[in-house]
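> First the structure, then my questions, so here it is.
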Amino acid sequence: MASMFRRGLATTSSMSNVYFDVTKNGSPLGRIVFKLYDDVVPKTTASPSLGFRGRRCVASATCARQIGSGSPHPQRNFRELCTGKNGFGYAGSGFHRVIPDFMLQGGDFTNHNGTGGKSIYGYVCSVADPSSKREKFADENFKLRHTKPGLLSMANAGPNTNGSQFFITTVVTSWLDGKHVVFGEVVEGMDIVKAIEALGSGSGKPKAQIQIAQAGEV
1 MASMFRRGLA TTSSMSNVYF DVTKNGSPLG RIVFKLYDDV VPKTTASPSL GFRGRRCVAS
61 ATCARQIGSG SPHPQRNFRE LCTGKNGFGY AGSGFHRVIP DFMLQGGDFT NHNGTGGKSI
121 YGYVCSVADP SSKREKFADE NFKLRHTKPG LLSMANAGPN TNGSQFFITT VVTSWLDGKH
181 VVFGEVVEGM DIVKAIEALG SGSGKPKAQI QIAQAGEV
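If you read the sequence shown in full-length UniProt numbering, its first letter stands for residue 1, the second for the next number, and so on.
Okay, structure coming up:
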């Protein structure tokens, strides 16, 4: 599969773009390149000792500050899931939900049906229940709105339940403002996004298997 696509250039820049190489039923469909909004949902410092990478918070006051402070941030999560830096990520996963005139949703690389996925942060405790643990992280902010097609936003199951699932808008989706964190946009390959959109349905089930064959930085 790797030989079917051009590879992205290696870079250590936190501002580098990221990409998906997408297939339809195993055949190359094309590349989507994203710019991530590091300046709006900024890369903040999260010390491993504070419990964000594979550890559970044990102090409720500390935990409340962490999960509400924006320390876990969506663009870093998305970038590292693109590169596979932590040994897992988007490569090999698919778009499980595609609704025309709405959005494309993907990022469930564990269950592949919209019920799974996980963030790079490991177990993060809940403000409401500091003894709990989950592979989700808090909403960083809602400064950006869903004002155009091609925006990259976090899919969730309610407030502060961000994991690895994301969606790409194909229209203005203002009813999602204040509920989902916008953290990037498509800068190349909107034609590929539209081609995927055309394979969607009212139920969300794609008419073909749409897979992220490769992902990384460019």
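Positions of the beta carbon are idealized from the N, C-alpha and C atoms, including for glycine.
Quick one: what's got a C-beta closer than 7 angstroms to G84's C-beta in the same chain, skipping five residues either side?
A91
> Return the chain-ordered list of same chain residues with a C-beta closer than 7 angstroms to the C-beta of L9, the five sequence neighbours on each side being excluded.
Residue placement at L9 is poorly supported in this model, since its pLDDT is 34, which falls under 50; the coordinates are not used for a value here.
> Heavy atom of the ligand GTP less than 7 angstroms from the Cβ of G189, yes or no?
With respect to small molecules bound, the structure shown includes none, and the ligand GTP cannot be examined in it.
> Starting from the Cα of W175, find the closest Cα among L81, T147, A195 and A138 and give me that residue.
T147
> So, do the stretch 180-193 and the stretch 74-83 have three or more beta carbon pairs nearer to each other than 8 angstroms?
yes
> Quick one: Cα of D39 to Cα of L151, how far?
A direct Cα-to-Cα measurement between D39 and L151 gives close to 16 angstroms.
> Any chance you could list the beta strand (DSSP E) runs of at least 3 consecutive residues sitting entirely within the stretch 162-191, in chain order?
166-169 and 182-188
> Taking Cβ to Cβ, would you say E188 is nearer than 8 angstroms to P100?
No, these two residues do not count as a Cβ contact at 8 angstroms.
> I need the DSSP call for K35, collapsed to helix, strand or coil.
strand
> Let me know if P159 comes out buried or exposed under the rule of 16 or more other beta-carbons within 10 Å of its beta-carbon.
exposed
> Quick one: grab the DSSP three-state call for A213.
DSSP places A213 in strand when its eight states are reduced to three.
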